[in-house]
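Numbering (our numbering), first residue to last: 2 to 205. Before any comments, here is the structure.
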């Protein structure tokens with residue numbers, strides 16, 4: 002099943018909150034996740050690809066204080082700015098999604114987003130049909146996924162078991178999750194006590 006770019010938010014079997022972002026792509030598979038200064042950036046191997054599609058390079062994960070922001074586009078930075086300004090978590094998601102709207106490409110790709118913190122998390126999206134932001138009850142060993150194609154909804158039915166207790170183990174598990182096709186790269190942030198740990202994994 003091809004669900005495009007997607008987020009997975011949940012807890013490990015030992016109760017550590019995490020959020021992952023995976024790039025799955027048929028059109029632009031030549032991309033990598035790069036981790037620097039608590040930010041994960043998705044970058045194409047060829048700069049010329051940006052001229053073909055301006056949406057393929059962006060910050061996908063960013064740590065803002067005790068929060069982790071994860072999205073499929075440039076709204077990562079806008080959401081992070083709202084958190085730094087003191088917006089409540091829900092409002093920090095609603096404002097950028099409502100104002101930036103879905104991506105204006107040929108597929109009308111939805112913008113998806115998540116904010117994770119020690120006590121819980123929120124997921125949200127905006128598509129050409131609707132917009133939704135809601136709190137997600139995190140459960141040990143379960144990850145709730147939100148994707149751009151075919152699964153752009155927040156539902157109790159959209160969940161997978163999660164294996165791994167470190168960001169790298171979770172990255173590997175989600176990148177290799179066979180039900181979701183065309184993997185490219187994955188990034189994960191995990192909250193372990195007072196620490197936020199991050200890791201990336203690339204197929205190329």
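A virtual CB, placed ideally from N, CA and C, is assigned to each residue, including glycine.
DSSP places residue 63 outside any alpha helix (DSSP H); the residue lies instead in the beta strand (DSSP E), whose first and last residues are 59-65. Here the segment 164-179 does not lie against the segment 95-108, with fewer than 3 beta-carbon pairs under 8 Å apart. A direct Cα-Cα distance of roughly 27 Å separates residue 56 from residue 198. DSSP places residue 20 in the strand class (E or B) of the three-state scheme. Where residue 79 is concerned, the enclosing alpha helix (DSSP H) starts and stops at 76-85. Residue 94 sits in a helix when the DSSP states are folded into three classes. Residue 202 and residue 90 have their alpha carbons spaced roughly 28 Å apart.
Contact between residue 185 and residue 25 holds, since their C-beta atoms are separated by about 6 Å, short of 8 Å.
Around the Cβ of residue 153, a 10 Å sphere holds 16 or more other Cβ atoms; the residue is buried.
Residue range 184-193 is occupied by the beta strand (DSSP E) that includes residue 186, with no alpha helix (DSSP H) assigned at that position. Under DSSP, residue 202 shares a beta bridge with 187. In the three-state reduction of the DSSP assignment, residue 158 falls in the coil class. Secondary structure at residue 10: strand, using DSSP grouped into helix, strand and coil.
Across the set 53, 27, 43, the C-alpha of 27 shows the shortest separation from the C-alpha of residue 182.
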